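To start, the structure itself, in structure tokens.
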Amino acid sequence: MKEEHSIKLIKIIRPANVTITFFSVLAGGFICSVNKNISFKLLLAAVAAAFIAASANIINDYFDIEIDKINRPERILASGELNVRTALIIYFFFILGGTALSSLVHVQAMLVVVGSIILTFFYSYKIKKIPLLGNAVVAFMTGLAFLFGGVAVGKISAAVFPFIFAFTINFMREVVKDMEDTEGDTRANVFTFPVKYGFENAKTLLYVVGLFLLIAMLIPYLLKIFNAKYLAVIAGSVVPMLVYSMYILHKGNDRASYGRVSFLLKLQMVFGLIAILLGV
328 MKEEHSIKLI KIIRPANVTI TFFSVLAGGF ICSVNKNISF KLLLAAVAAA FIAASANIIN
388 DYFDIEIDKI NRPERILASG ELNVRTALII YFFFILGGTA LSSLVHVQAM LVVVGSIILT
448 FFYSYKIKKI PLLGNAVVAF MTGLAFLFGG VAVGKISAAV FPFIFAFTIN FMREVVKDME
508 DTEGDTRANV FTFPVKYGFE NAKTLLYVVG LFLLIAMLIP YLLKIFNAKY LAVIAGSVVP
568 MLVYSMYILH KGNDRASYGR VSFLLKLQMV FGLIAILLGV
């Protein structure tokens with residue numbers, strides 16, 4: 328029985344996203360620290376951020392139960408595998424735990440965490456239904472992990488580019504996920520960008536943002552913020568995957584194609600994180 332509950336807990340918090348958040352905070356703090364090390368306070372901040380990421384996934388699934396019954400019936404609340412009461416108890420455990428851990432870092436870290444809890448709640452409740460603004464909020468929260476690492480060590484300047492990278496990749500991914508979910512969103516009267524303006528306009532937006540990202544990824548190397556290792560990883564992994572993602576997007580007009588693009592964008596986030604760490 329305990330093993331069954333553990334599996335349900337792992338499913339609802341989305342461990343891949345939580346893990347990326349954890350390491351993004353560590354990476355942000357590492358590149359911002361004077362001695363390029365990982366302090367105990369930075370570790371606390373990373374765990375706190377992981378807790379908040381887990382809570383955000385839970386509250387999002389809570390508000391999306393009816394839509395997920397159409398779009399993503401395998402999700403644990405939509406399928407009925409986990410009851411709502413238990414999910415909310417887990418949610419409060421994570422937000423209280425994240426707040427408590429951040430308070431051990433310093434007041435500024437705790438304020439960022441509290442602000443993030445409020446923002447993710449209102450995103451799930453209302454903001455996600457607003458075209459592009461909802462996408463931007465998710466992208467902002469993903470990028471914020473890097474800045475939060477900087478906040479934990481008292482300096483954020485070196486984390487600005489990683490924030491821009493993470494924001495852009497995840498903004499694109501959120502728009503693609505909206506393209507995946509148009510059937511359920513339409514039935515639920517959730518007017519995302521693809522629902523309101525159509526798939527071709529959504530694709531055009533993604534091409535423009537993707538081009539911006541291709542250019543933006545070169546800037547830290549040209550400004551000597553990151554070294555040749557950064558450029559090698561970006562050129563050898565992120566750029567080819569981004570170009571291939573845009574190719575799939577151009578050719579495909581089905582949910583499976585959009586799912587592949589979403590997965591590739593998540594992979595680009597991982598390889599971008601590796602490039603940033605190797606590039607300092």
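In my numbering, the protein residues as written are 328 to 607.
By construction, the Cβ of each residue, glycine as well, lies at the ideal position given by its N, Cα and C atoms.
From a predicted model like this one, the values you see are computed outputs, not experimental measurements.
Problem - Between the CA atoms of Ile385 and Ile347 - distance to the nearest angstrom - result: 17 Å
Exercise for the section: Take Val478 and list the residues in its own chain whose beta-carbon comes closer than 7 Å to its own, dropping the five residues that flank it on each side. Expected result: Gln435, Ala436, Val439
Practice task
With a cut-off of 8 Å on the beta carbons, I'd call Val536 and Phe498 a contact; round off their distance for me.
Solution key: 6 Å
Exercise for the section: Given a cut-off of 8 Å, decide if Val345 and Ala380 are closer than it, judged by their beta-carbon atoms. Expected result: yes
Handout entry: Of the residues Tyr389, Asn362, Ile365, Pro400, the one placed nearest Gly511, counting alpha carbons only
Key = For Gly511, the nearest C-alpha among the options comes from Pro400.
Exercise for the section: Give the straight-line distance between the Cα atoms of Leu605 and Val560, rounded to the nearest whole angstrom. Expected result: 9 Å
Exercise for the section: Identify whether Arg341 lies in helix, strand or coil by the three-state DSSP scheme. Expected result: Reduced to three states, the DSSP call for Arg341 is coil.
Practice task
Quick one: residues in its chain with C-beta nearer than 8 Å to the C-beta of Tyr418, no 5 flanking neighbours on either side, listed in chain order?
Solution key: For Tyr418, where only same-chain residues beyond five positions count, the Cβ hits under 8 Å are Ser382, Ile385, Ile386, Tyr389.
Problem - Residue nearest to Thr519 in terms of C-alpha spacing, selected from Ile457, Val588, Ala602 - result: Ile457
Exercise for the section: Give the straight-line distance between the Cα atoms of Ile422 and Arg412, rounded to the nearest whole angstrom. Expected result: Straight-line measurement puts the Cα of Arg412 at about 16 Å from the Cα of Ile422.
Practice task
Less than 8 Å between the CB atoms is what I'm expecting for Val502 and Ala529, so what's the real figure, rounded?
Solution key: Sure, about 6 Å apart at Cβ, within 8 Å.
Exercise for the section: Determine the DSSP secondary structure at Ile552, reduced to helix, strand or coil. Expected result: coil
Exercise for the section: Put Phe520 into one of helix, strand or coil per three-state DSSP. Expected result: helix
Problem - DSSP state of Lys530 mapped onto helix, strand, coil - result: Reduced to three states, the DSSP call for Lys530 is helix.
Exercise for the section: Using beta-carbon positions only, say whether Leu592 and Ile496 come within less than 8 Å of one another. Expected result: yes
Practice task
Locate the alpha helix (DSSP H) running through Lys455, then write down its first and last residues.
Solution key: From DSSP, Lys455 is part of no alpha helix (DSSP H); its letter is neither H nor E.
Practice task
Spell out a yes or no on whether the region 360-368 and the region 458-465 are touching, meaning 3 or more CB-CB pairs, one atom from each, closer than 8 Å.
Solution key: The region 360-368 is not in contact with the region 458-465.
Practice task
Please go through the region 445-499 and give each complete beta strand (DSSP E) segment of 3 or more residues, from N-terminal end onward.
Solution key: none
Handout entry: Terminal residues of the alpha helix (DSSP H) in which Ser584 lies
Key = 582-606
Exercise for the section: Report all residues from its chain with a CB closer than 7 Å to the CB of Arg514; omit the five preceding and five following residues, and keep chain order. Expected result: Ile397
Problem - C-alpha distance - Lys368 paired with Val566, whole-angstrom precision - result: 34 Å
Exercise for the section: Could you tell me if Leu569 is buried or exposed, where buried requires 16 or more neighbouring beta carbons within 10 angstroms of its beta carbon? Expected result: Buried: at least 16 other Cβ atoms inside 10 Å.
Practice task
Assign Glu393 to one of two classes, buried (16 or more other C-beta atoms within 10 Å of its C-beta) or exposed (fewer than that).
Solution key: exposed
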